[in-house]
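**Q** Structure provided below as structure tokens; questions to follow.
Protein chains: 2
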Amino acid sequence: MNRKSTATAARGGTVPDVDEAARAEIAARAWQGLRTLVLDRHDRRREVCDALGMSFIRAKALRHLVAGELTMRQFAERLAIDPPYATLVVDDLQRRGLVLRSPHPSDRRLRMVSLTPAGTRAAESAERILNRPPAAVADLDAADLAALDRLVAKLLG
Amino acid sequence: MNRKSTATAARGGTVPDVDEAARAEIAARAWQGLRTLVLDRHDRRREVCDALGMSFIRAKALRHLVAGELTMRQFAERLAIDPPYATLVVDDLQRRGLVLRSPHPSDRRLRMVSLTPAGTRAAESAERILNRPPAAVADLDAADLAALDRLVAKLLG
DNA sequence: CCAGATGGTTGTACAGATATAACATTTCGC
DNA sequence: GCGAAATGTTATATCTGTACAACCATCTGG
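Here the protein sequences line up with chains A and B, keeping their order.
Okay, so the first sequence: first residue is 1 according to our numbering, each after it adds one.
Okay, so the second sequence: first residue is 158 according to our numbering, each after it adds one.
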């Protein structure tokens with residue numbers, strides 16, 4: 001099924017395939033649990049939309065601009081939307097006074113999108129809601145919390 | 158900010174607030190990492206939609222029916238959609254031959270929605286895609302995997 | 001039996017998202 | 001300079017999802 005098990009089988013390994021299967025099962029269960037945790041138990045998207053009074057993709061847009069200004073094209077790619085829709089989203093955010101378009105100093109084809117102070121505040125508000133750990137995580141004891149932190153860091157590479 | 162820190166402060170605890178703040182910071186970082194992992198790095202919704210040729214809510218509908226048949230109302234509640242839209246979704250899935258409506262034996266107001274064999278296969282296909290652990294998880298060594306499994310179980314209560 | 005509650009459907013309206021083609025402007029390689 | 005490519009916008013169409021009002025059938029409690 002995967003590299004490791006075939007290699008083991010190929011050299012007539014002493015470790016039976018059962019272990020590999022058990023590992024896969026644990027991995028599947030853990031992953032499924034992580035999905036349940038993030039997507040079912042503690043999905044805060046609705047809360048963010050209500051708090052900011054905008055669709056989730058607009059909130060996501062603001063959050064992606066916190067790191068710095070982007071060209072329209074980069075903006076569209078980051079949000080996995082196509083350029084025409086990016087124009088609509090930025091139009092809307094601009095009407096709300098949350099972002100502004102400015103010309104690129106050297107390439108006059110490009111338009112840089114950046115956050116206004118109000119946009120920055122809105123983005124931070126969204127981050128605060130999304131990143132607030134659920135009680136289950138916050139209430140872990142110090143050892144478990146450290147273990148989780150280490151594992152997450154490892155998983156993110 | 159939370160029960161523990163106030164209690165500590167109240168009895169003039171020897172443990173300084175800094176520890177509580179550090180804990181909160183670790184929890185926030187871990188939670189943020191979990192969100193990144195599930196939502197940004199390994200979001201398989203698109204893949205499921207492409208594989209099944211339907212919108213994600215329809216795939217979600219099929220998955221919720223695997224456990225057994227539901228009334229239209231239960232179905233709508235499980236998917237967090239309103240009854241009229243539930244009708245549209247079931248209509249569509251029925252046209253595709255993936256679900257069927259049958260009368261309730263005793264209450265003739267109710268209509269039970271259940272999976273057809275084809276619907277069951279589609280639902281299982283979706284589960285397989287969604288629950289396939291990403292390489293980062295599958296490649297953890299046995300100890301880390303066990304630790305993750307234990308933590309996830311704990312977090313899910 | 002009758003009034004009210006429940007379950008499901010139909011219809012309508014609208015916001016959100018996605019895809020495509022067409023267009024003007026600007027840049028860049030030749 | 002000129003044609004090709006890149007960038008952003010406009011327009012159009014379609015699909016998806018959300019919300020609300022109205023309706024019919026059925027059940028429940030009196």
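A virtual CB, placed ideally from N, CA and C, is assigned to each residue, including glycine.
These numbers were taken from a predicted model, which means no experiment stands behind them.
For a test of your reading of the model: does the CB of R202 (chain B) fall under 8 Å from any non-hydrogen atom of the ligand MN? Yes or no.
**A** Ligands in the displayed structure: none, and consequently the ligand MN is not present.
**Q** Can you find a C-beta in chain A that's less than 9 Å from the C-beta of L308 (chain B)?
**A** yes
**Q** Strictly under 9 Å for the Cβ-Cβ distance: is D301 (chain B) near chain A by that measure?
**A** yes
**Q** Per DSSP, S259 (chain B) is paired with what?
**A** Paired residues: B:M269.
**Q** Let's see if you can read the secondary structure: which residues bound the alpha helix (DSSP H) around A67 (chain A)?
**A** Looking at the DSSP string, A67 (chain A) is not in any alpha helix (DSSP H), and its letter there is neither H nor E.
**Q** Less than 7 Å between C-beta atoms, sequence neighbours within five positions excluded: which residues of the same chain meet that for V137 (chain A)?
**A** Beyond the five residues adjoining it in sequence on each side, V137 (chain A) comes within less than 7 Å, by CB distance, of no other residue in the same chain.
**Q** Taking 9 Å as the CB-CB limit, is I214 (chain B) close to chain A?
**A** Closer than 9 Å to the CB of I214 (chain B) there is not a single CB belonging to chain A.
**Q** How is the alpha helix (DSSP H) around P83 (chain A) delimited, first residue to last?
**A** Counting along the chain, the unbroken alpha helix (DSSP H) around P83 (chain A) starts and ends at P83 to R95.
**Q** So what does DSSP say about G190 (chain B), is it helix, strand or coil?
**A** helix
**Q** Please confirm whether Q189 (chain B) has its beta-carbon closer than 9 Å to some beta-carbon of chain A.
**A** yes
**Q** To the nearest angstrom, report how far apart M1 (chain A) and E25 (chain A) are at their CA atoms.
**A** Confidence at M1 (chain A) is low in this model, with a pLDDT of 45, below 50, so the placement of that residue is unreliable and no value is reported for it.
**Q** Using a C-beta cutoff of 9 Å, does R289 (chain B) count as contacting chain A?
**A** The beta carbon of R289 (chain B) falls within 9 Å of a beta carbon belonging to chain A, placing the residue at that interface.
**Q** Under 9 Å, do R192 (chain B) and L140 (chain A) count as touching if we go by C-beta distance?
**A** no
**Q** Could you compute how far the alpha carbon of R265 (chain B) sits from the alpha carbon of S259 (chain B)?
**A** 10 Å
**Q** Please state whether the Cβ-Cβ distance between A153 (chain A) and G190 (chain B) is less than 9 Å.
**A** yes
**Q** In chain order, what residues of the same chain lie with their CB nearer than 7 Å to the CB of V99 (chain A), ignoring the 5 residues before and after it?
**A** L65, V90, L93, V113, S114, L115, T116 and G119
**Q** What's the gap between the Cα of A184 (chain B) and the Cα of D197 (chain B)?
**A** 19 Å
**Q** Can you list, in chain order, the residues of its chain whose CB lies under 8 Å from that of I57 (chain A), leaving out five sequence neighbours each side?
**A** L79, I81 and V89
**Q** Within 9 Å (strictly less), CB to CB, does L272 (chain B) reach chain A?
**A** With 9 Å as the cut-off, L272 (chain B) does not count as an interface residue toward chain A.
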